[in-house]
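Below is one structure, written out as C-alpha cells; comments come after it.
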Amino acid sequence: MTILAYDLGASSGRAMLGRLNEGKIEVEELHRFSNDPVQVGDRLHWDILRLLHELKQGLLKAKHRGIKLDSIAIDSWAVDFGFIGSNGELLGNPYHYRDHHTDGVMEQVIEKLSASHIFGRTGIQFLPFNTINQLAALKQADSPLLRDAKHFLMIPDLLRYFLTGEMFNEFSNATTTQLYNPLKGGWDEELIRAIGISPDLFGQVAGPGERVGQLRSAVCEELNIESVPVYAVAEHDTGSAVAAVPALERSFAYLSCGTWSLMGTEIEEPVINELAQQLNFTNEGGAYGTYRLLKNIMGLWILQECRRSWERGGISYTFPELVKLADEAKPFAAFIDPDDPLFLHPGDMPARISEYSVRTGQTAPEDAGAIVRCILESLALKYRYVLELTEQLSGQTFNGLHMVGGGIQNTLLCKWTANAIGKPVWAGPVEGSAIGNMVVQWIASGELADIWEARKVIRESFPVDAYEPEQYEEWDHAYRSFIDKTGIA
Ligand code: LFR
1 MTILAYDLGA SSGRAMLGRL NEGKIEVEEL HRFSNDPVQV GDRLHWDILR
51 LLHELKQGLL KAKHRGIKLD SIAIDSWAVD FGFIGSNGEL LGNPYHYRDH
101 HTDGVMEQVI EKLSASHIFG RTGIQFLPFN TINQLAALKQ ADSPLLRDAK
151 HFLMIPDLLR YFLTGEMFNE FSNATTTQLY NPLKGGWDEE LIRAIGISPD
201 LFGQVAGPGE RVGQLRSAVC EELNIESVPV YAVAEHDTGS AVAAVPALER
251 SFAYLSCGTW SLMGTEIEEP VINELAQQLN FTNEGGAYGT YRLLKNIMGL
301 WILQECRRSW ERGGISYTFP ELVKLADEAK PFAAFIDPDD PLFLHPGDMP
351 ARISEYSVRT GQTAPEDAGA IVRCILESLA LKYRYVLELT EQLSGQTFNG
401 LHMVGGGIQN TLLCKWTANA IGKPVWAGPV EGSAIGNMVV QWIASGELAD
451 IWEARKVIRE SFPVDAYEPE QYEEWDHAYR SFIDKTGIA
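Rendered as C-alpha cells:
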C-alpha cells in the first residue's frame, strides 16, 4: 500500500510517499518545491495556482515511477483561505497571513465583541492574523471579494477542491479561524454575523479520516492517470505534526518546530477558562477528538528572515554555517522576545533585532554569529517560559519535551532547549506533519487501529535523538536575565 501526503509549509512543500511494511513506516520524498509568496503592490499573496501545479507534478512523478497510489491527503499552515464564486471558480488570490491588511483589526474586533466573548465561544488564542480578523479586514475595506463569494475554503480545502471538485471545510483547520465553536460542534454563526460576514459561506465540516472525494476526471485526463481516493486528515500541519509525536504516555509536552514553534500538550476537551484566555493559550482541534492546548512562538522564522536579509545584501549563508557561527559566538550577550510584534512581518530582521536591543537597553548583537546566537538562545528560553505555563494551565508536570519537525535538524537548538528547560528533549521525527498526515490515512483505511497504535509504529520506525540537559545553573541564570530584559512575565 503506497499513499501520498502533501505537506505544505510557509517556505516549501513536499509530496511524500508512505508505505507501511511489517509494522514499520517508510517515507520517501517524491517531490519537493519552494513556496514563494508574491508581493503585488501593498499586498502579500500565496501563489495558490503554482502550489496546485506542484501537487500535479507530484502525481506525475508517481506515475512515471509506476507507483499506484492508494490514497492522497493534504496538510498546510492554518488560518488562510480563498473564496469560490457562483461559477465554481476561485475569486482572487489568497492573502498571506503576514500581510499588513489586518494591522490594528484584532484590537477593533476585540473592542466590538470583547475578548471573553470570542474566547468563550472558540477557545482560540488571539493572533492578529486569525481568519476572524482577516475577514473583518476585508469587510472593513469593502472588498469586492465578499460581494461575489459563495464559499469559504481554507488552503488545503481549496487545493482539495481543485483536485476533487468537492467542497468541504476540514475540522482542524476550521478551528483556527476563531469562528468555530467546539462546544456546540460547528461554525459559530453568531460570531460570523457579528463581523459582518454571511454564515452561508461556511460549508460542511469534514473530520480527519473522512473520505472527501477522489481525483476528478479533469485531473485524471490532464495527467493521464487513474483516479485515487482523497481523505481529509488533520489538514492543519500542526495537527498532523502532533498526531505524529511518538509519545508512549498520554500526558506529554511537544514542540512542533519549523517556521513557527508550537508548544503545548494534547487534551481531550478544550480548556476554556479565564486563565487560558489570560495566558493566551489556544485549543486547536486535532485528529480523532483530540485538542491541542498550545501557544504559538515565533520560531525559526526570525532566523529565516535574517538569512534572506543577508542574501539581499549579497552574503549567502547556509543554515549549518549560521548555526556554527552562533555556536562560536559569546553566550547570553543579548535577548529578544521572539513574539514581539516587531518580528511578525517580513523585513530587515537584523535591523529589527538591533532596534529591539536598543529599546530594551541592551547592546545590539552586531555580526551574524551574535545575531543568530541571540535568536536561538532567546527561543530556547522562551520555550522554558511557555512549557512552565503549559504545566500551570494543564495541571501536569512533564518529564521531558518531544520535538518534531524540520527545526530539529538544528541540533544546537535542541541541545539549548534541553539546557533551558532543564529536562530531556526527545527529537524526532523530522517529517512530523507528513507522517501525521499519513497515519490518519492509514487509520481511515483500516491499516492502523487508532492514534495510539500509530504513535507506537512511528516510535519504532524513526530515530529519536535524546538530549540531556547540561549547564543548568548558567541557563537558569540566563533565564532570569531573559525575563528581566524582555519584560514578558
Ligand atoms: C505552522 C502554522 C501554525 C499557525 C501558523 C499560521 O505552520 O500552521 O500552527 O498558527 O502556521 O497559519
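If you use full-length UniProt numbering, the sequence shown corresponds to residues 1 to 489, in order.
From the three backbone atoms N, C-alpha and C, an ideal C-beta is built for every residue, glycine too.
Query                                                                                                                                                           : Result
Out of N410, E453, E460, which has the shortest C-alpha to C-alpha gap to Y467?                                                                                 : N410
Assuming contact is defined by CB atoms lying nearer than 8 Å, are A206 and F171 in contact in what I supplied?                                                 : yes
Any heavy atom of the ligand LFR closer than 7 Å to the beta-carbon of V404?                                                                                    : no
Does any heavy atom of the ligand LFR sit closer than 7 Å to the C-beta of N296?                                                                                : yes
Skipping 5 residues on each side, what residues in its chain have a beta carbon closer than 7 Å to that of D99?                                                 : R43, L44
Can you grab the Cα-Cα spacing for the pair E366 / S11, in whole Å?                                                                                             : 27 Å
Does the stretch 259-271 come close enough to the stretch 285-292 that 3 or more CB-CB pairs lie under 8 Å?                                                     : yes
Whole-angstrom Cβ separation of P156 and D75, contact assumed at under 8 Å?                                                                                     : 6 Å
Per DSSP, L211 is paired with what?                                                                                                                             : Here residue 211 is Arg; the residue named in the question, Leu, does not match the sequence. According to DSSP, which records beta bridges pairwise, R211 is partnered with Y231.
What is the DSSP secondary structure of M1, reduced to helix, strand or coil?                                                                                   : coil
Let me know the alpha helix (DSSP H) ranges lying completely inside the stretch 86-154, each 4 residues or longer, listed in chain order.                       : 105-113, 115-122, 131-140, 144-148
I believe S333 touches A380 by the beta-carbon criterion, under 8 Å. Please report the beta-carbon distance rounded to the nearest angstrom.                    : According to the sequence as given, residue 333 is Ala; it is not Ser. Actually they do not touch by this definition, with Cβ atoms about 14 Å apart.
Is Y161 helix, strand or coil when you go by DSSP?                                                                                                              : helix
Got a sec, what are the start and stop residues for the beta strand (DSSP E) G173 sits in?                                                                      : Here residue 173 turns out to be Asn, not Gly, going by the sequence shown. From DSSP, N173 is part of no beta strand (DSSP E) but of the alpha helix (DSSP H) over 171-175.
Count the other CB atoms, across all protein chains shown, that sit within 10 Å of the CB of R193; report buried if there are 16 or more and exposed otherwise. : exposed
When we look at the beta-carbon of D337 and count the other beta-carbons within 10 Å, is it buried (16 or more) or exposed?                                     : buried
What residues in its chain sit with their C-beta under 8 Å from that of L91, if we drop five residues either side in the sequence?                              : G82, F83, I84, G85, L145, D148, A149
According to the neighbour-count rule (16 or more other Cβ atoms, all chains shown, within 10 Å of its Cβ), is Q39 buried or exposed?                           : exposed
Select from S251, P182, V105 the residue whose C-alpha is nearest the C-alpha of T397.                                                                          : S251
Do you know how far the Cα of S240 is from the Cα of D476?                                                                                                      : 33 Å
Return the residue from the list A368, L248, Q125 that minimises the CA-CA distance to A329.                                                                    : A368
In the DSSP output, what is W426 paired with across the bridge?                                                                                                 : H402, A466
Determine the burial state of D484: buried for a count of at least 16 other Cβ atoms within 10 Å of its Cβ, exposed for fewer.                                  : exposed
Can you look up Y291 in the DSSP assignment and give me helix, strand or coil?                                                                                  : strand
Given the structure, does W310 come close to the ligand LFR, in the sense that its CB is under 7 Å from one of the ligand's heavy atoms?                        : no
For Q214, does the count of other Cβ atoms within 10 angstroms reach 16, so buried, or fall short, so exposed?                                                  : buried
Who are the near neighbours of E453 in its chain, counting only those whose CB is closer than 7 Å to its CB and skipping five residues on each side?            : none
In whole angstroms, what is the alpha-carbon distance linking G446 and T486?                                                                                    : 50 Å
Can you check whether the CB of E305 is closer than 8 Å to the CB of P346?                                                                                      : yes
Locate the alpha helix (DSSP H) running through L279, then write down its first and last residues.                                                              : No alpha helix (DSSP H) holds L279; DSSP gives it neither H nor E.
Would you grab the beta carbon distance between D450 and Y288 for me? Rounded to a whole angstrom, and I think it's under 8 Å.                                  : 7 Å
Which complete alpha helix (DSSP H) runs does the stretch 329-393 hold, if anything under 4 residues is left out?                                               : 349-359
Short of 7 Å in beta carbon distance, which residues of its chain neighbour G203, apart from the five on each side in sequence? Order them along the chain.     : H151, M167, F168, N169
Considering only heavy atoms of the ligand LFR, does any lie closer than 7 Å to the CB of residue 495?                                                          : Residue 495 falls outside the range modelled here, since the chain spans only 1 to 489, and no answer is possible.
Can you say whether H64 is buried or exposed, counting buried as having 16 or more other CB atoms within 10 angstroms of its CB?                                : exposed
If I follow the unbroken beta strand (DSSP E) through Q39, where does it start and stop?                                                                        : 38-40
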